[in-house]
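Undergrad:
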């Protein structure tokens, strides 16, 4: 197939002449000209030709993805010097195009008043459709010209773009999956195909195979793996057939003809087919037979890829792709094969000097040595891996894996503290893209903490692990943990090969929020946020009602990056700890760097904590956000912490001053979230009363929003939905009985429901008969309670049970509780043991901590726990004592 590299501009001479005539005729007055052109290179060449054929001073305005107002962007660039015409490019790349066009439509008279020159908008078909839909008045002012390529040009364009994919795979030194063309180029491919179909043009089999390859990469990128496989296989079949005709291709390969060789293209396709099956294995990780089957297919495909490249002595391509085989063998635990592949990989990677691939190869050898209990060798290999990763410009997610393996090595060598240190460093790297490996890090660290008696730290890790598993939809219920928005698993391409995904993650509202009817509460809260008469919202409810879950899994995803009028929302959650300001800054930086709808508008904002040294620095950045049409929503969760002894009056006063200043800024909204019993503290606190503006808002009862428990209907809908989506197998009679048992005054505590449902899942109870054998929900709660007691440590078991006993049925002040425990226990204990137990029980939803004027008071969270504690737990203590006696 002929591959023309440039557009033939002679076919556009008539349209180009009309464009020049229109610009000349419009001198001295405003005219709007819409130029339809779907192809970037064509547009670029036409602009160059235009500049050569006219003496007009044409000001080019190149829009950025974060731009929001068309009129302002044009005005900014023409203020210095009045041009003869303005050409606006890249409308198709604007993130909030609908908002931009709608705003332009509203100020269209300003264009006519302020701009005495033609304004040319270069538009694609997609942009033109949006213009007609949201800015029809402005569009009606315009004259439309079109630069439409003829059939030969469309075919040439398709060939160039799809050839570029094979070129990158065969020539580049980077792993790539299709985004090197960019979103706009992929759009061009789709547009060109559609136009050829409209013209009834038959696409050649070769070109169709190239288009299938491009479509497959896009499908893989968006995790549509089955669709990607279909396209990849279709493309492979064509090129595999072409290998039988390889005599038509030169035997000598060079950089010019390399990318067109059918045999090498089949090699590339084997690689991508391997990736797809590798991804399918990950998706079926819990189904061992399918998991291994997909891995073996992936292994076969990547081996075919390497064999092809090796047959042509293209060692640089073998080096490029061999580590995928290593990662598959690692998953299959084929240690002897992995050792051979790793040695070969190291020789190749050293030759071609890619630090990431060198690190991976040594990492494979480290894993093999660890499995063979050659701990010193494993230690050496893993240190080499980390040394290679340190040469990279950006951190690699593989660092956590190698630190985890180093911790295993050091533990085996008896260096427990060093092992813990490695695990703590690995944990600080965060979840990265591979949550499974992060869970392994947490699991081992938790085990070390429990062994060393650090029970609170171990319990906090347990909560984090449960939260991650719920977020990844491994568990349907989260127990006492707060709900989190679902987070899609990243492609293994990015996880294992150290590549950052180009697909932005936008948080979604958790399924539990929607199924439980809490979406109505979110809608009401957002409605208040949009209204100017609500500067402050006080969200309150009983302990365990789900306030934090509503915020993190519902309100934040609903707000982040959303538009309120012409403003985009940045929502930040903080807790009123002593270090609240640091938390605020960190969460603000996270919001502007990880939310795609925001980060594209905040590229120049400082992302280092050092840039926010004082309150003035913070408010300066906030004002910059507001100037860029952002609305800030600060959510102070667990606001009752403000009244605890942990925050000193000075820190408390600084936080209140921050709140007061926020209340005086129109584009900032505040939400306090706290337990209902703390409303009295909120309204009577002397420091709060001294701030008249805040006190005024607190006195307005309209600012309060009471979060209610679940109803029988919403609770039933919640369990039914999760039962279906997670394939739990709960029978309908069981669900109905659970709802009946937990209902009190037609209401159900979300926390109690989560605890019971979590135990059902943990115990494998699926039928009403099994449930009744367990003694119904009370025994499930007992088993949950015993599990939490075990979290406090075996040596603290009796202290924990006595502590709970002394809190029933009446709350106990801190000093009296310690005295009673010393009277009831036969052995001495340290006060820190009580502190740890109380904290764990509080985090587990068993105990509520109340703040009185001079001391803290503790009480059992639910009255239904009283009988359980007094009857079952105390009997357990007596039996243990009698056995010891």
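Residue numbers (the numbering used here): 27 to 911.
No residue lacks a Cβ here, since even glycine has one placed at the ideal position from N, Cα and C.
1) On the DSSP bridge list, what partners appear for residue 732?
2) Could you tell me the alpha carbon to alpha carbon distance between residue 81 and residue 183, rounded to whole angstroms?
3) Quick one: grab the DSSP three-state call for residue 125.
4) Determine the direct distance from the alpha carbon of residue 133 to that of residue 578, and round the result to whole angstroms.
5) Alpha carbon to alpha carbon, what distance is there between residue 243 and residue 206?
6) Just mark residue 497 as buried or exposed, buried being the case when its beta carbon has 16 or more other beta carbons within 10 Å.
7) Looking at C-alpha atoms only, which residue of 85, 746, 66 and 189 is the closest neighbour of residue 286?
8) Just to confirm my understanding: we take residue 589, look at its own chain, exclude 5 residues before and 5 after, and list those with CB closer than 8 angstroms. What are they?
9) Among the candidates 662, 611 and 657, whose CA atom is the shortest distance from the CA of residue 644?
10) Taking its Cβ as the centre, do 16 or more other Cβ atoms sit within 10 Å of residue 443, making it buried, or is it exposed?
11) From residue 393 to residue 678, what does the alpha carbon distance come to, in whole angstroms?
12) Is it right to say residue 150 is buried, meaning 16 or more other beta carbons lie within 10 angstroms of its own, or is it exposed?
13) Taking the beta strand (DSSP E) that residue 697 falls in, what are its first and last residues?
14) Are at least three pairs of beta-carbons, each pair with one atom in the stretch 463 to 473 and one in the stretch 420 to 436, less than 8 angstroms apart?
15) Return the CA-CA distance between residue 120 and residue 131, expressed in angstroms with no decimal places.
16) How about residue 708 and residue 686: do their beta carbons lie closer than 8 angstroms?
17) Ignore the nearest five residues each way along the sequence and tell me which others in residue 237's own chain have a CB closer than 8 angstroms to its CB.
18) Should the stretch 887 to 900 be called in touch with the stretch 811 to 827, which here means at least 3 C-beta pairs below 8 angstroms?
19) In the structure shown, what three-state DSSP assignment does residue 690 receive?
20) Within the same chain, show all residues whose beta-carbon is closer than 6 angstroms to that of residue 317, passing over the 5 residues directly before and after it, in chain order.
21) Roughly how many angstroms separate the alpha carbons of residue 258 and residue 271, rounded to a whole number?
22) Start and end of the beta strand (DSSP E) containing residue 113?
23) According to DSSP, is residue 557 helix, strand or coil?
24) Determine the DSSP secondary structure at residue 428, reduced to helix, strand or coil.
25) Would you report the Cα separation of residue 436 and residue 355, rounded to the nearest angstrom?
26) Is the separation between the beta-carbon of residue 89 and that of residue 114 shorter than 8 angstroms?
27) What is the DSSP secondary structure of residue 594, reduced to helix, strand or coil?
28) Starting from residue 833 and walking both ways along the beta strand (DSSP E), at which residues does that stretch end?
29) Rounded to the nearest angstrom, what separates residue 460 and residue 586 at their Cα positions?
30) So what does DSSP say about residue 440, is it helix, strand or coil?
31) Going by the CB atoms, is the gap between residue 168 and residue 60 shorter than 8 angstroms?
32) Enumerate in chain order the residues of its own chain whose CB-to-CB distance from residue 478 is below 6 angstroms, with the five nearest sequence positions on each side excluded.
33) Is the beta carbon of residue 582 less than 8 angstroms from the beta carbon of residue 533?
34) Counting pairs of beta carbons, one from the stretch 339 to 356 and one from the stretch 290 to 305, are three or more of them closer than 8 angstroms?
35) Tell me the DSSP secondary structure of residue 882 in three-state form.
36) Measuring only the C-alpha atoms, how far is residue 724 from residue 887?
TA: In short, the structure shows the following:
1) In the DSSP output, where bridge partners are listed per residue, residue 732 has 566.
2) In this structure, the CA atom of residue 81 is about 31 angstroms from the CA atom of residue 183.
3) Residue 125: helix per DSSP, three-state reduction.
4) Their backbone Cα atoms lie some 38 angstroms apart in a straight line.
5) Reliability of the predicted coordinates at residue 206 is poor, the pLDDT of 49 falling under 50, and the value obtained from them is presented with this limitation in mind. If you take the alpha carbons of residue 206 and residue 243, they lie about 11 angstroms apart.
6) Residue 497 is buried by the Cβ-count criterion.
7) Comparing alpha-carbon positions, the option among 85, 746, 66 and 189 lying closest to residue 286 turns out to be 189.
8) Counting only Cβ-Cβ distances below 8 angstroms, and skipping sequence neighbours, we find 122, 125 and 595.
9) Just measuring C-alpha positions, the residue of 662, 611 and 657 sitting nearest residue 644 is 611.
10) Answer is exposed; the Cβ neighbour count stays below 16.
11) Between the C-alpha atoms of residue 393 and residue 678 there is a straight-line separation of about 50 angstroms.
12) By the neighbour-count criterion, in which 16 or more other beta carbons inside 10 Å mark a residue as buried, residue 150 falls on the buried side.
13) 694 to 701 is the extent of the beta strand (DSSP E) around residue 697.
14) These segments touch.
15) C-alpha separation (whole angstroms): 16 angstroms.
16) Contact: no.
17) The beta carbon of residue 237 sits closer than 8 angstroms to those of 184, 188, 215, 219 and 229, all from its chain and outside the five residues before and after it, given in chain order.
18) These segments touch.
19) In the structure shown, the three-state DSSP call for residue 690 is coil.
20) If we look at residue 317 and ignore the five residues flanking it on each side, its Cβ neighbours are 307, 310 and 311.
21) Each residue's Cα considered, the two are about 20 angstroms apart.
22) For residue 113, the enclosing beta strand (DSSP E) stretches over residues 111 to 115.
23) Residue 557 sits in coil when the DSSP states are folded into three classes, being neither helix nor strand.
24) Residue 428: helix per DSSP, three-state reduction.
25) Rounded to the nearest whole angstrom, the CA to CA distance from residue 436 to residue 355 is 24 angstroms.
26) Less than 8 angstroms separates the beta-carbon of residue 89 from that of residue 114.
27) DSSP places residue 594 within a strand segment (E or B) once states are collapsed to three.
28) Boundaries cannot be given for residue 833, as no beta strand (DSSP E) includes it and DSSP labels it neither H nor E.
29) Their Cα atoms are separated by approximately 24 angstroms.
30) Correct three-state label for residue 440: coil.
31) For residue 60 and residue 168, yes; Cβs fall inside 8 angstroms.
32) The beta carbon of residue 478 is closer than 6 angstroms to none in its chain, skipping five residues each way along the sequence.
33) Yes; because the gap between Cβ atoms is below 8 angstroms, this pair is in contact.
34) Because the criterion of three Cβ pairs below 8 angstroms is met, the stretch 339 to 356 and the stretch 290 to 305 touch.
35) Under the three-state reduction of DSSP output, residue 882 falls in the strand class.
36) CA-CA distance, residue 724 to residue 887, rounds to 27 angstroms.
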